[in-house]
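Here the structure is laid out as structure tokens; the discussion comes afterwards.
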Amino acid sequence: MIKQTVFGTTKDGREVKEYTVENANGMSFSAIEFGAVITRIFVKDKNGELADVVLGFDSVQDYENDDTYLGAVVGRYANRIGNATFTLNGVEYQLDKNDNNNHLHGGYNGYEKRVWTSENFTEENGEGVKFMLVSEDGDQGYPGKLEIAVKYTLTNNNELIIEYTGMSDKDTICNLTNHSYFNLAGHDSGDVLNQLVWLNSDFITEADEASITTGKLVDVKGTPMDFTTETAIGDRIDADYYQIKFGAGYDHNWVIKSYEKGKMNLTATLRDKASGRKMEVYTDLPGVQVYSGNFLKARIPGKNQAKYTRRTGVCFETQYYPDSINKPEFPSPVLKAGEEYKTTTIYKFIVQLGLFGDDMENNNFFAMLSRMKYINRWGLMRNTIHENISEHSLDVAIIAHALATFSN
Ligand code: GAL
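Numbering (our numbering), first residue to last: 4 to 411.
Take a look at the structure:
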């Protein structure tokens, strides 16, 4: 079901439409023409209660005044470009220095501040809205007239699929991402430090004090950057480690394992134990910036007057690596004239039914076993397991199930 309303008007008098799309499970998202911002994502918890799990504002003016990119699509080049300059085909381009000496998220006139055009659609795998933008030759200092579209599809599998497409009439660089801040306990529930993150990554791209990549990859093993096993965001966020200090917490690009251009990968998960909500992030891009909202300051009140203070949301910005145009050793963000830019990112939401979740968490297999005795139908159990526990725990659960069956 799709509903279209007027969200508000920009300060120069342009009307901004909002779309709300709901699937068969009662999950919904809303997005507006301003910045192609995702304003709301309502997801159920283990008791069937809905909460809005992204930070956002109630008015266009708040989005106009925001400098934290809440929910927006950022571009033409998401993340940083060192010294705000790059050379392409022998020509040097100068960009805005809007982050100290560097360029961030497209500069002072980012795509998050534009009014995009829109159309809604209903397709076989879901419904949604597509936002379109023309970025003229020379816009923000980049070469080439770039025409882009961002398509949000909500499926009945609780996936929000984001497809970015585009084409430029000259060689250029392009790196589009979504800057939603997630808080699976609800956008107004305080910090995300107890929420658990898992990342499909063994390396980060090392950053300097200004968050510019050095070109070096750092092995995460034995460091606070290691999320190869699920870990709470807050456990090591203030550790005495040079990368953490440079980023004032987590604000780094993780190198996605087994990246292959065009191939979708499970990249990250975020989980809130108390509510049972879990999110999986899939992308075909080589990197993901995990940003723990270190610079949020509640300067502007959020939806329903919520206070978005430091670390009350976490972003998973799927991307080409920061400053990759100046680092030939990194996957290239160059978009050739006339070639299609096409990348996909999926945020998928899962509800953990709470049957095994906490027991598995505490390694309390006896408690789990005694509950399992009452579940004889393998199909039900398999589904429940699939929804509730990680791949690693699946083996343990299967063995436990076998034991429970035999001990009957
Ligand atoms: C993130 C970036 C942070 C910060 C933030 C906006 O994408 O990694 O360093 O600039 O955007 O406040």
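For every residue, glycine included, the Cβ atom is placed at its ideal position computed from N, Cα and C.
Non-local C-beta neighbours of residue 11 in its own chain, meaning closer than 6 Å and more than five positions away in sequence, comprise 19, 62, 63, ordered along the chain. Nearest to residue 330 by alpha-carbon distance, out of 193, 182, 206, 85, is 85.
Under the three-state reduction of DSSP output, residue 87 falls in the helix class.
Between residue 231 and residue 206, the alpha-carbon positions lie close to 10 Å from each other. In this structure, residue 294 has its beta carbon less than 7 Å from a heavy atom of the ligand GAL. Here residue 269 is not near residue 282, since their CB atoms are 8 Å or more apart. Residue 195 and residue 242 have their C-alpha atoms some 17 Å from each other. Taking 7 Å as the cut-off, the C-beta of residue 69 does not count as close to any heavy atom of the ligand GAL. For residue 64, the uninterrupted alpha helix (DSSP H) segment begins and ends at 63-68. Ranked by how close their Cα comes to the Cα of residue 76, the residues 178, 234, 294, 246 have 178 in first place. As the crow flies, the alpha-carbon of residue 251 is around 36 Å from that of residue 92. Scanning its chain for C-beta atoms nearer than 6 Å, with the 5 sequence neighbours on each side dropped, one finds around residue 156 the residues 129, 131, 164, in chain order. Closest in C-alpha terms to residue 26, from the list 249, 13, 6, comes 6. The nearest non-hydrogen atom of the ligand GAL is 7 Å or more from the C-beta of residue 33.
Secondary-structure assignment with DSSP links residue 254 through a beta bridge to 294.
A contact between stretches requires three or more CB pairs, one per stretch, nearer than 8 Å, and the stretch 88-105 fails this requirement with the stretch 35-54. Per DSSP, residue 276 is not a residue of any beta strand (DSSP E), being assigned neither H nor E. Using a Cβ-Cβ distance cut-off of 8 Å, the stretch 308-328 and the stretch 287-299 are in contact, since at least three pairs of beta carbons, one from each stretch, lie closer than that value. Here residue 154 carries a strand assignment [DSSP, helix/strand/coil]. Exclusion of residue 115 from the 7 Å shell around the ligand GAL follows from its C-beta lying no nearer than that to any non-hydrogen atom of the ligand.
No heavy atom of the ligand GAL is found nearer than 7 Å to the CB of residue 209.
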